[in-house]
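Counted from 1, the sequence shown has number 300 at position 92 by our numbering; the numbering is strictly sequential. Just so it is clear, CB atoms sit at the ideal spot from N, CA and C, and this is done for glycine as well.
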Amino acid sequence: MQSARFSRVDSHVLRLEKDRDLLQQLTNYCQENEIDAAHISVIGAVTEANVGFYDQDEEEYEERFIDEPMGIIQASGNVSFLEGERFVHMHGTFCQEDGTVQAGHLFNGTVVFAGEAILHELEGPRLERVQDPATGLTLWDL
Ligand code: ZN
């Protein structure tokens, strides 16, 4: 296991915009406010979602597009750097009209109906993702 020590600085409270991409809004906010590392939590609703499951044998994501309104029961994730750019990594749990839950890694194409996000900014060493040969993922280099 690798670890590093960060301290929590500001908490940012965001009201996400309707009809705009969830990940893109969070990424833009982090770029504009120079947030280099953070924990993010979101609740609200989406008009559609693009979620993924990582196939550990194939070492690739299977994307699944869900073209219907759903509640965001919980989406959480983090901010770090990938290839020198701020990268928002989020997973989400969504609720369909009949109560069925859909969940996964969030991709672009998840569109906000309403969203309340709280972003806890962290301060510490540069948090950078690097290719991990054991998993095929880009993981933190601590
Ligand atoms: Zn993920």
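- Please list the segments of the alpha helix (DSSP H) lying wholly inside the segment 230–264, counting only runs of 4 or more residues, in order along the chain. Within the segment 230–264, the complete alpha helix (DSSP H) runs of at least 4 residues are 230–240.
- Message: What does the alpha-carbon distance come out to for the pair G153 and R228?
- Response: This structure gives no information on residue 153, because the portion of the chain shown stretches from 209 to 350.
- Query: So N286 and F273 are in contact, right, with Cβ under 8 Å, and what is the actual spacing, rounded?
  - Reply: Here residue 286 corresponds to residue number 78 of the sequence shown, with the count starting at 1. Here residue 273 corresponds to residue number 65 of the sequence shown, with the count starting at 1. Between the beta-carbon of N286 and that of F273 there is about 24 Å, and that puts the pair past the 8 Å contact cut.
- Task: On the DSSP bridge assignment, give the partners of E331 in chain order.
- Result: In the sequence shown, the residue the question calls residue 331 occupies position 123. In DSSP, E331 forms a bridge with S215.
- Query: Nearest-angstrom Cα distance between T345 and R294?
  - Reply: As a working note, residue 345 is residue 137 in the sequence shown. As a working note, residue 294 is residue 86 in the sequence shown. Thr is not the amino acid found at residue 345; the sequence shown has Leu there. About 17 Å.
- Query: Relative to the ligand ZN, is the shortest distance from any of its heavy atoms to the C-beta of H247 smaller than 7 Å?
  - Reply: Within the sequence shown, residue 247 is the residue found at index 39, counting from 1. Here the distance from the Cβ of H247 to the nearest heavy atom of the ligand ZN is not below 7 Å.
- Message: According to DSSP, simplified to helix, strand and coil, what is N316?
- Response: Within the sequence shown, residue 316 is the residue found at index 108, counting from 1. In the structure shown, N316 adopts coil according to DSSP, grouped into three states.
- Message: Tell me the rounded alpha-carbon separation between G292 and C238.
- Response: On the sequence shown, position 84 is the one that residue 292 refers to. On the sequence shown, position 30 is the one that residue 238 refers to. Cα to Cα, G292 sits roughly 14 Å from C238.
- Kindly indicate the opening and closing residues of the beta strand (DSSP E) around T342. Position 134 of the sequence shown holds residue 342. A small correction: the amino acid at residue 342 is Ala; Thr does not occupy that position in the sequence shown. A342 -> no beta strand (DSSP E), and no H or E assigned at all.
- C-alpha gap between E329 and D263, whole angstroms: As a working note, residue 329 is residue 121 in the sequence shown. As a working note, residue 263 is residue 55 in the sequence shown. Taking the straight line joining both Cα atoms gives about 31 Å.
- Query: Thinking C-beta only, is L327 closer than 8 Å to A351?
  - Reply: In the structure as shown, the chain begins at 209 and stops at 350. Residue 351 is therefore absent and cannot be evaluated.
- Which residue from R334, C303 and V217 puts its Cα closest to that of I251? In the sequence shown, residue 251 corresponds to position 43, counting from 1. It is C303 whose Cα lies nearest to the Cα of I251.
- Task: Label A212 either buried or exposed according to how many other C-beta atoms from any shown protein chain fall within 10 Å of its C-beta, with 16 as the threshold for buried.
- Result: Within the sequence shown, the letter at position 4 stands for residue 212. Label assigned to A212: exposed.
- Message: In the DSSP assignment, the beta strand (DSSP E) including G307 goes from what residue to what residue?
- Response: Stepping through the sequence shown from its first residue, residue 307 is reached at position 99. G307: not part of any beta strand (DSSP E); DSSP gives it neither H nor E.
- Query: Of the choices Q233, D218, V217 and R216, whose alpha-carbon is the least far from that of L224?
  - Reply: Residue 224 sits at position 16 when you count from the first residue of the sequence shown. Measuring from the Cα of L224, the nearest candidate turns out to be Q233.
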